[in-house]
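*Asks:* In terms of our numbering, the sequence shown opens at residue 1 and continues consecutively. Glycine is no exception: its CB is placed at the ideal position from the N, C-alpha and C atoms. Note that the structure is a prediction, hence the values are computed from the model and not measured. If you scroll down you'll find the structure; I have some questions about it.
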Amino acid sequence: MRLIFFVENNKNKRVARLVEEARKKNFDYLIINSYECQIGLTQLFLADNKPLRIKSDDVFWLASSALVNQFIIRFLKKYKNLLWNNIECVDFSNKYFGNVFFAQNQIKTPKTFLINNLEKNKLKKMVDMLGGFPLIIKNNQGSLGQLVRKVNYVEDIEEFIKKTVSNELLPVNSPFYFYSFILQEFIAEAAGVDYRVLCLENEIIGGIRRISQTNDFRANISLGGRAEVFDIPEDLAEICRKIMKKGKLFYAGLDFIKSKRGWLAVEVNPSAQFQGFEATTGINVAEKIINKLIEKKASLNYNM
Numbered sequence: 001m002r003l004i005f006f007v008e009n010n011k012n013k014r015v016a017r018l019v020e021e022a023r024k025k026n027f028d029y030l031i032i033n034s035y036e037c038q039i040g041l042t043q044l045f046l047a048d049n050k051p052l053r054i055k056s057d058d059v060f061w062l063a064s065s066a067l068v069n070q071f072i073i074r075f076l077k078k079y080k081n082l083l084w085n086n087i088e089c090v091d092f093s094n095k096y097f098g099n100v101f102f103a104q105n106q107i108k109t110p111k112t113f114l115i116n117n118l119e120k121n122k123l124k125k126m127v128d129m130l131g132g133f134p135l136i137i138k139n140n141q142g143s144l145g146q147l148v149r150k151v152n153y154v155e156d157i158e159e160f161i162k163k164t165v166s167n168e169l170l171p172v173n174s175p176f177y178f179y180s181f182i183l184q185e186f187i188a189e190a191a192g193v194d195y196r197v198l199c200l201e202n203e204i205i206g207g208i209r210r211i212s213q214t215n216d217f218r219a220n221i222s223l224g225g226r227a228e229v230f231d232i233p234e235d236l237a238e239i240c241r242k243i244m245k246k247g248k249l250f251y252a253g254l255d256f257i258k259s260k261r262g263w264l265a266v267e268v269n270p271s272a273q274f275q276g277f278e279a280t281t282g283i284n285v286a287e288k289i290i291n292k293l294i295e296k297k298a299s300l301n302y303n304m
């Protein structure tokens, strides 16, 4: 078995951990920079202009952004090799689509609207339907807690969008200008604390509670939040298993907040980082992923 990783940069720590565990099992591996290869209609060329020779036992792990991954996924799909992320995961890179998934599968999530109009009266109507300020505005493609803000006035919404999107690239009346953002209710009782559960198919690897160390309502580790081990209650475990099954997910980090009306699903991250999780929990996530890939590859070979 050869593991082929697609990355956005050659210092991807998550891939480095997977490679470390793959080496222990004497697996071959290849790391391809998604921005340095050329993707044609029938062939993919590496940085040295040599074509990628795909073998039947190759396993692909895509660690680039979903915007890049979707093209590579569609190219590789014809080879029938074991591949993660799959095409179903692309929607989860968009926060609005992710919340639609929750709603359609009867999984509680914060009230959410897609911002599709910047007229003040339309924004005010949306604010009223969400229960009034404060609210949370998010860029649909943001990650690591970036491009997320708490807003208290309509002017805050306008300012956030204008600062996020360059007017030089997109005119104010472009649909891409506002369709890139969502507005959500602010769950006051959950401010500064969230929960990340790592799952591998039907296995719940473990959970961490992330706690903000400042007055910031965001608790992301990348923003200075502190992580601690979290014992996952059965009601949350059931929600996680449902998300993994309905979403056809192999591996994912599932984010939740706890509200007065119970657990609220916030996001599905099929490319979840796990180095901080490993450090906090002592669980060897990379080894579990490699072992599961071996198991799935063996099953795939058996059923061919």
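Find out if the Cβ-Cβ distance for the pair residue 265, residue 107 is shorter than 7 Å.
*Replies:* Against a cut-off of 7 Å, the Cβ pair of residue 107 and residue 265 comes out as a contact.
*Asks:* If I measure Cβ to Cβ from residue 12 and keep anything under 6 Å in the same chain, skipping five residues before and after, which residues do I get?
*Replies:* Closer than 6 Å at Cβ, skipping near neighbours: 63.
*Asks:* Does chain B have any CB closer than 7 Å to the CB of residue 30?
*Replies:* Given the protein chain composition of this structure (a single chain), no chain B is represented.
*Asks:* When the Cα atoms are used, what is the spatial distance from residue 47 to residue 288?
*Replies:* When rounded, the distance between both Cα atoms is 31 Å.
*Asks:* Name the DSSP beta bridge partners of residue 38, please?
*Replies:* In DSSP, residue 38 forms a bridge with 45.
*Asks:* I need the straight-line Cα distance from residue 81 to residue 38, nearest angstrom please.
*Replies:* Distance between the alpha carbons of residue 81 and residue 38: 20 Å.
*Asks:* Quick one: grab the DSSP three-state call for residue 259.
*Replies:* Looking at residue 259 - three-state DSSP - the assignment turns out to be strand.
*Asks:* Assuming residue 199 is part of the beta strand (DSSP E), what are its boundary residues?
*Replies:* Residue 199 -> beta strand (DSSP E) spans 193–200.
*Asks:* Quick one: grab the DSSP three-state call for residue 139.
*Replies:* If DSSP states are grouped into helix, strand and coil, residue 139 belongs with the strands.
*Asks:* Give the straight-line distance between the Cα atoms of residue 5 and residue 30, rounded to the nearest whole angstrom.
*Replies:* C-alpha separation (whole angstroms): 6 Å.
*Asks:* Name the DSSP beta bridge partners of residue 33, please?
*Replies:* In DSSP, residue 33 forms a bridge with 7.
*Asks:* Can you grab the Cα-Cα spacing for the pair residue 168 / residue 114, in whole Å?
*Replies:* Confidence is the limiting factor: at residue 168 the pLDDT is only 40, short of 50, which leaves the residue's position unreliable and the question unanswerable from this model.
*Asks:* Measuring straight from C-alpha to C-alpha, what distance separates residue 263 and residue 28?
*Replies:* Answer to the nearest angstrom: the Cα atoms are 42 Å apart.
*Asks:* Taking the DSSP output, what are the residues bridged to residue 251?
*Replies:* For residue 251, which the question treats as bridged, DSSP gives the partners 200.
*Asks:* Below 8 Å on the Cβ atoms is my contact criterion, and I expect residue 149 with residue 58 to pass it. Report the Cβ-Cβ distance as a whole number of Å.
*Replies:* With a Cβ gap of about 42 Å, residue 149 and residue 58 do not count as contacting.
*Asks:* Spell out a yes or no on whether the segment 273–285 and the segment 90–103 are touching, meaning 3 or more CB-CB pairs, one atom from each, closer than 8 Å.
*Replies:* At 8 Å Cβ cutoff, the stretches do not touch.
*Asks:* Please name the residue in 205, 279, 67 whose C-alpha comes closest to that of residue 226.
*Replies:* Comparing Cα-Cα distances from residue 226 to each of 205, 279, 67, the minimum goes to 279.
*Asks:* Could you check which residue in 139, 34, 22, 26 has the C-alpha nearest to that of residue 10?
*Replies:* Closest by alpha carbon: 34.
*Asks:* Out of 26, 25, 36, state which residue places its alpha-carbon closest to the alpha-carbon of residue 7.
*Replies:* Residue 7 has its Cα closest to that of 36, out of 26, 25, 36.
*Asks:* Grab the span of the beta strand (DSSP E) containing residue 182 for me, first residue to last.
*Replies:* Residue 182 -> beta strand (DSSP E) spans 181–185.
*Asks:* Thinking just about the alpha-carbon of each residue, which of 161, 155, 202, 194 is nearest to the one in residue 147?
*Replies:* It is 161.
*Asks:* Which of the three DSSP states is assigned to residue 264 in this structure?
*Replies:* If DSSP states are grouped into helix, strand and coil, residue 264 belongs with the strands.
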